[in-house]
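Quick note, in the numbering used here, the sequence shown goes up one by one and the last residue is 76.
The structure under discussion appears below in the form of structure tokens.
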Amino acid sequence: MPGLGGRTLLATAGEDTTVRLWDPATGDELIRLVTGAPLTTICAHTSDPDTGSLLAFGGTAGVAVLDLIVPPAPTL
Numbered sequence: 001m002p003g004l005g006g007r008t009l010l011a012t013a014g015e016d017t018t019v020r021l022w023d024p025a026t027g028d029e030l031i032r033l034v035t036g037a038p039l040t041t042i043c044a045h046t047s048d049p050d051t052g053s054l055l056a057f058g059g060t061a062g063v064a065v066l067d068l069i070v071p072p073a074p075t076l
């Protein structure tokens, strides 16, 4: 999914009850959200990377949607 500053991000969800947002360029985990039930699906939607992305995830316990704004990577 696109992030701010042209950054590409990877979102995962799993049986371990977590939703994670990764920077695939560095392998760094940026965000970890622990839910109360195993997850079986995830979907991201971005209409404009400068205003954020919607991240939907769910499993047998239900569905949730987050509105994410991920800051650009720091410059060194």
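Idealized CB from N, CA, C, for every residue including glycine.
Taking only three categories from DSSP, how would you classify G6? Three-state DSSP puts G6 in a helix.
Can you name, in chain order, every residue of its own chain whose Cβ lies under 8 Å from the Cβ of P24, other than the five neighbours on each side? T8, L9 and L10
Apart from the five residues on each side of it in sequence, which residues of its chain come closer than 6 Å, Cβ to Cβ, to S53? M1, A44, T46 and L68
Between which residues of its own chain and W22 is the CB-CB distance below 8 Å, once the five residues before and five after are set aside? L9, L10, A11, T12, D28, E29 and L30
Tell me which residues share the same chain as A61 and place their Cβ nearer than 7 Å to its Cβ, disregarding the 5 neighbours each side in the sequence. G36 and A37
Considering only residues of the same chain and omitting the five flanking positions on each side of T41, which have a CB-CB separation below 6 Å? G58
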